[in-house]
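Have a look at the structure below, then the notes.
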Amino acid sequence: MATTRAIHLQTEIPGPKSQAILERKQQVVADPLSIYLPVVVAEGRGSTLTDVDGNTFVDFAGGVGCLNVGHSHPHVVEAVQEQAGRFLHTDFTMVPYEIYVTLAERLLAVAPFSGPAKAAFFNAGTEAVENAVKFARAYTRRPAIIAFDGAFHGRTLMSLTLTSKTHPYKAGLGPFAPEVYRVPFPNAYRGISAEAALEALERAFTTQVARETVAAIILEPVQGEGGFIVPPKEFVQGIREICDREGIVMIVDEVQTGFGRTGKMFAIEHFGVEPDLMPVAKSIAAGLPLSGVLGKAEIMDAPGDSAIGGTYVGNPVAQAAALAVLDVFEDEGLVDRAERIGETVRGRMISWQEGHPARPGSGDEGAGPGARLPGDRGGSPARPAPAEGRRPFQLHPGALPARDHGFRARRGPRRLGRGARDRSRVAVSAAPAFYARARTALRVLRCPDGHAR
Ligand SMILES: Cc1ncc(COP(=O)(O)O)c(C=O)c1O
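Residue 462 is where the sequence shown starts when you use our numbering, and the numbers rise one by one after that.
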């Protein structure tokens with residue numbers, strides 16, 4: 462069985478214990494909760510997961526972008542245990558607690574707002590997006606929201622309406638929320654320039670929605686689900702200018718790009734613009750459910766009394782984890798580390814072009830680059846087939862790939878691209894901590910015979 466210093470496989474994958482649990486799951490868990498990686502976890506440590514059969518994998522999925530400090534970081538575990546021993550819940554608006562205020566102070570201290578800013582906390586990323594829309598509508602007293610092709614903002618009513626992809630997220634689940642309008646996102650690979658995308662947005666004010674009725678424009682500073690698309694700087698700056706000109710709130714969805722993933726604390730910092738509102742979630746609390754909206758104080762203060770809230774929002778145990786995550790970021794210099802690791806990964810990906818039909822992501826930032834691989838069914842002009850003498854990509858069986866990027870775990874070596882649905886990029890975007898194993902990661906990503914070197 463395959464072994465590296467990080468990976469240890471001692472059964473077929475999935476092993477017998479995993480299989481038995483997954484068979485029980487079939488009987489009692491709703492089918493839409495389909496499993497991408499058929500190994501049942503027993504323990505997570507740093508960048509590795511060990512399953513119930515005793516197999517240890519490098520975890521490329523990272524809880525879908527939630528584990529930028531790695532699995533069960535000791536400082537986070539200690540903070541969670543300490544808070545759980547004191548109290549679990551009061552509902553902050555019924556009986557407030559200090560940790561909520563402290564977390565708001567610490568997050569705002571690292572967030573890219575030059576003037577007065579405030580925070581509100583929720584549970585999931587989708588709630589942060591829903592509430593960002595509420596803040597924007599209350600502030601502007603306007604109804605309409607503009608979102609982009611390829612966007613992903615969540616799976617509840619407003620956020621699902623803002624999400625672009627029909628299958629698997631939207632088909633059959635409408636009707637969706639009214640007053641959402643969609644325009645193209647720049648994408649060099651598909652021939653959409655920043656200029657063309659900005660022109661389309663300006664045209665939409667004539668053909669789709671009156672400019673004076675638009676409350677917010679929402680964008681991901683790097684589209685994740687849309688294919689790890691980094692927009693040109695002039696596009697993001699152009700959106701800022703349009704928002705300023707038209708009195709529109711600029712919502713920058715940092716749910717996935719936040720917390721060091723791109724080599725800055727927040728991805729918007731790469732573009733030299735300041736957002737008005739910023740939904741954050743995922744890696745904020747190392748896997749505990751916590752999200753928030755950070756934003757300019759006058760916008761955050763706009764909704765009426767009790768118009769924002771919820772029984773469980775801003776749970777103190779999750780907030781204790783979030784404070785510990787901020788400590789780990791400072792103590793271990795994770796933002797700088799993400800930048801360095803991004804350089805290593807990007808350099809290696811570029812070298813793959815020599816022997817393989819892969820394209821590195823252009824302009825990818827920090828520890829979140831992607832590579833475009835054959836199997837892309839997105840209608841791209843260039844869809845390279847493996848040339849004579851070129852080896853297909855294979856993934857080591859001990860690498861658990863990121864779900865968002867379309868690979869189903871199978872037995873034995875997996876060929877990248879073939880298992881993909883309609884997704885065109887493979888992510889090696891993972892936790893900075895994960896990249897303590899960066900060398901192993903690169904080896905398992907490019908492992909022609911399915912065995913580690
Ligand atoms: C950019 C973005 N926004 C919002 C969400 C929704 O977050 P959640 O799944 O926590 O509701 C996601 C989730 O992947 C996301 O990537």
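Note that the Cβ used here is the ideal one computed from N, Cα and C, for glycine as well.
- The continuous stretches of beta strand (DSSP E) do not include alanine 661, which lies in the alpha helix (DSSP H) extending over residues 655 to 668.
- Going by DSSP, methionine 761 is part of the alpha helix (DSSP H) stretching over 758 to 761.
- Taking C-beta atoms as the reference points, phenylalanine 583 and valine 778 fail to come closer than 8 Å.
- Set against 7 Å, the gap from the CB of threonine 601 to the closest heavy atom of ligand 1 is not smaller.
- Across the set Gly615, Ala632, Val644 and Gly586, the C-alpha of Val644 shows the shortest separation from the C-alpha of alanine 608.
- In terms of side-chain proximity, the C-beta atom of glycine 615 is found nearer than 7 Å to a non-hydrogen atom of ligand 1.
- Here the segment 533 to 548 makes no contact with the segment 762 to 771; the two share fewer than three CB pairs at distances below 8 Å.
- Scanning Pro764, Pro573 and Ala655 for the CA closest to the CA of valine 713 turns up Pro573.
- For aspartate 714, the shortest separation between its Cβ and any heavy atom of ligand 1 lies below 7 Å.
- If you ignore the 5 residues before and after serine 744, its C-beta comes within less than 6 Å of the C-beta of Cys527, Asn529 and Phe720, all in its own chain and listed in chain order.
- Non-local beta-carbon contacts of alanine 638 in its own chain, meaning distances under 7 Å to residues more than five positions away in sequence, involve Leu618, Met619 and Thr622 in chain order.
- Annotation for valine 541: Leu749, Val778, Ala781, Ala782 and Ala785 place their beta carbon closer than 8 Å to its own, counting only its chain and skipping 5 residues before and after.
- In this structure, glutamate 707 lies near valine 675, with their beta-carbon atoms less than 8 Å apart.
- Excluding residues up to 5 positions away in sequence, Phe666 and Glu707 lie with their Cβ nearer than 7 Å to the Cβ of arginine 672 in the same chain.
- Judged by beta-carbon spacing, glutamine 471 lies within the 8 Å limit of glycine 515, meaning their Cβ atoms are closer than that value.
- Ranked by how close their Cα comes to the Cα of histidine 469, the residues Val741, Thr517 and Ile802 have Thr517 in first place.
- Within the segment 566 to 654, complete alpha helix (DSSP H) segments of at least 4 residues are found at 586 to 601 and 618 to 623, given in chain order.
- In the three-state reduction of the DSSP assignment, glutamate 686 falls in the coil class.
- In terms of side-chain proximity, the C-beta atom of valine 590 is found nearer than 7 Å to a non-hydrogen atom of ligand 1.
- Contact check for glycine 476 and aspartate 512: beta-carbon distance about 6 Å, within the 8 Å limit, so the pair qualifies.
- Every candidate beta strand (DSSP E) stretch fails here, since none sits fully inside the segment 468 to 495 while reaching 3 residues.
- Per the DSSP secondary-structure output, glutamate 791 pairs with nothing in a beta bridge.
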